[in-house]
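Residues in the sequence shown are numbered consecutively from 46, following this note's numbering. This report concerns only the one structure given below.
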Amino acid sequence: MEILYIISIVYLSFGILSFGYILFRIFITGQRQSMSIMNIVWPITGLYLAPIAVILFNKRSNTSHKMSLMDMKIPMHTTMKMSSPKVNLKSTSQSTMHCGSGCTIGDAISEPLMFIFPIAIVQNSLYNKWIIQFIFAFVTGILFQYIAIKQMQPKRSFSKIIVKALKADTLSLIFWQIGMYGGMAIAMSILPKNSMRPTTSIYWFCMQLAMILGFCTAFPINYLLLKKGIKDPM
């Protein structure tokens with residue numbers, strides 16, 4: 046258990062440092078994303094993907110910078126055929142991260158609240174606790190999707206954007222939470238109960254791993270949603 050404690054501290058530190066590094070790159074060094082919501086998504090992704098998120102962010106930033114330089118070199122009178130965003134590993138990963146960030150915020154907010162303000166219905170059942178967490182995650186996830194759609198389609202009405210957001214992200218959010226809850230259920234069945242309290246580093250380390258599992262379970266459904274045109278690539 047002592048080794049697991051050390052590992053949890055190390056990986057949590059990596060997550061926090063990755064979060065801070067990406068924030069610094071975006072808001073201090075000017076590596077802002079074309080989709081404004083991604084300025085929030087990338088740092089949150091750093092909390093659980095840690096160094097992997099940093100590598101992906103740096104790779105994307107370098108690619109965007111090269112594309113900007115290419116645009117500057119193209120003569121103004123030159124016309125280019127604009128192609129719609131492709132559905133590939135990159136766009137699917139971004140779509141999954143976008144979905145996961147909403148879930149992550151919802152879970153991160155609801156967990157401490159339920160611990161600080163214990164409710165009888167939550168304390169008596171793990172499933173009731175997960176239902177409340179899912180509601181928080183679902184609301185924040187749909188909000189994130191709303192912000193993205195609003196930027197891409199600013200003239201659309203509020204109601205139409207909400208409907209589109211629900212169509213685009215409901216399945217994605219469900220599959221993310223299935224993976225995350227599955228991961229936490231495994232951890233809770235293996236590890237001692239006192240180490241799986243929200244006040245321990247091991248609990249939040251397990252939450253990081255569960256979020257990675259959530260990313261894996263949500264990735265295929267995001268690919269299908271993008272491929273069928275239900276969800277728009279970012």
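Glycine included, C-beta positions come from ideal geometry on N, C-alpha and C. Nothing here was measured: the structure is a model prediction, and the numbers come from that model.
- Taking the Cα of K273 as reference, the smallest distance to any Cα among S155, T137, L218 is reached at T137.
- Within the same chain, Cβ atoms closer than 7 Å to the Cβ of L254 are found at G228, the five residues on either side in sequence being excluded.
- Secondary structure note for G228: its alpha helix (DSSP H) is the uninterrupted segment 203-235.
- Contact check for I194 against S146 fails: the beta carbons are separated by 7 Å or more.
- Distance from I187 to S155 at the Cβ level is roughly 15 Å; contact not present, criterion being Cβ atoms closer than 8 Å.
- Rounded to whole angstroms, the separation of the alpha carbons of S63 and A98 is 7 Å.
- The alpha-carbon of F72 is positioned some 36 Å away from that of A232.
- Of the other Cβ atoms in all chains shown, 16 or more fall within 10 Å of the Cβ of T262; this residue is therefore buried.
- By the criterion of at least three beta-carbon pairs nearer than 8 Å, the segment 70-86 is not in contact with the segment 49-60.
- A Cβ-Cβ separation of about 5 Å places S140 in contact with N267 under the 8 Å criterion.
- In this structure, DSSP gives N133 a state outside helix and strand, which the three-state scheme calls coil.
- By the 16-neighbour rule on beta-carbons within 10 angstroms, S204 is exposed.
- Of P96, S217, F160, N173, the smallest CA-CA separation from L271 is found for S217.
- Rounded to whole angstroms, the gap between the alpha carbons of A182 and I219 is 10 Å.
- Between W221 and L57, the CB-CB gap reaches or exceeds 7 Å.
- Just so you know, the alpha carbons of I223 and P157 end up roughly 21 Å apart.
- For T185, the closest alpha carbon among the candidates Y226, L68, H143 is that of H143.
- If you look at S246, you'll find it in the alpha helix (DSSP H) that goes 246-272.
- In the DSSP assignment, G186 falls within the unbroken alpha helix (DSSP H) covering 171-197.
- At a Cβ-Cβ threshold of 7 Å, A213 and Q190 count as neighbours.
- Assigned with DSSP and collapsed to three states, I150 falls in helix.
- Taken atom to atom, the span from the alpha-carbon of V132 to that of P278 is near 7 Å.
- Contact between L101 and G60 fails: their C-beta atoms lie close to 14 Å from each other, not under 8 Å.
- DSSP, reduced to helix, strand and coil, places P243 outside both helices and strands of the structure shown, so it counts as coil.
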